[in-house]
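Read through the structure below, which is laid out as structure tokens, and then see the notes.
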Amino acid sequence: MTDTPWDQPATLIDLDGKAPLIATLGLCVQHFAALKPVHQAEARILLTRPVAREGRKTRTWILEPAEIAALVDRMRAG
Numbered sequence: 000m001t002d003t004p005w006d007q008p009a010t011l012i013d014l015d016g017k018a019p020l021i022a023t024l025g026l027c028v029q030h031f032a033a034l035k036p037v038h039q040a041e042a043r044i045l046l047t048r049p050v051a052r053e054g055r056k057t058r059t060w061i062l063e064p065a066e067i068a069a070l071v072d073r074m075r076a077g
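In terms of numbering that gives the first Met the number 0, the sequence shown is numbered consecutively and its last residue is 77.
And the structure:
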């Protein structure tokens, strides 16, 4: 997942039913970081291109909260 470009189109969705954010991956990650933990647990990011997951043979289109949190850390690290 570390090779996913920040400018890739993506959609931040909330399983709680709130309106999605259609933007770049970087903006979706920034918005995720601003959410309260209870809302972060319900958030997912839908990608336009699938990415490989560590330890799995298949690629995925959807990033789970833990994967998004790792991207937040990567973004903050610079």
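All C-beta atoms in this analysis are idealised placements derived from N, C-alpha and C, irrespective of residue type, glycine included.
Checklist entry - For the beta strand (DSSP E) that R48 lies in, which residues bound it at each end? => result Translated into positions along the sequence shown, residue 48 becomes position 49. 42 to 51 is the span of the beta strand (DSSP E), which, as asked, contains R48.
Item to check | Given 8 angstroms, three or more beta-carbon pairs between the stretch 3 to 20 and the stretch 28 to 48 | outcome: yes
Next on the checklist: Comparing C-alpha positions only, which one of E53, W60, L26, P64 sits nearest to H38?
Outcome noted: Stepping through the sequence shown from its first residue, residue 38 is reached at position 39. Cα-wise, what sits closest to H38 is P64.
Checklist entry - What span of residues does the alpha helix (DSSP H) with R73 cover, start to end? => result For the purposes of this step, residue 73 is identified with residue 74 of the sequence shown, where counting begins at 1. Unbroken alpha helix (DSSP H) run through R73: 64 to 76.
Item to check | Presumed contact (8 angstroms Cβ cut-off) between L20 and T10, rounded CB distance | outcome: Residue mapping note: residue 20 aligns to position 21 of the sequence shown, counting from 1. Residue mapping note: residue 10 aligns to position 11 of the sequence shown, counting from 1. Sure, about 7 angstroms apart at Cβ, within 8 angstroms.
Checklist entry - Relative to the alpha-carbon of P4, which residue among A32, P49, K35, R55 has its alpha-carbon at the smallest distance? => result Start at 1 with the first residue of the sequence shown, and residue 4 comes out as number 5. The shortest C-alpha separation from P4 is found at P49.
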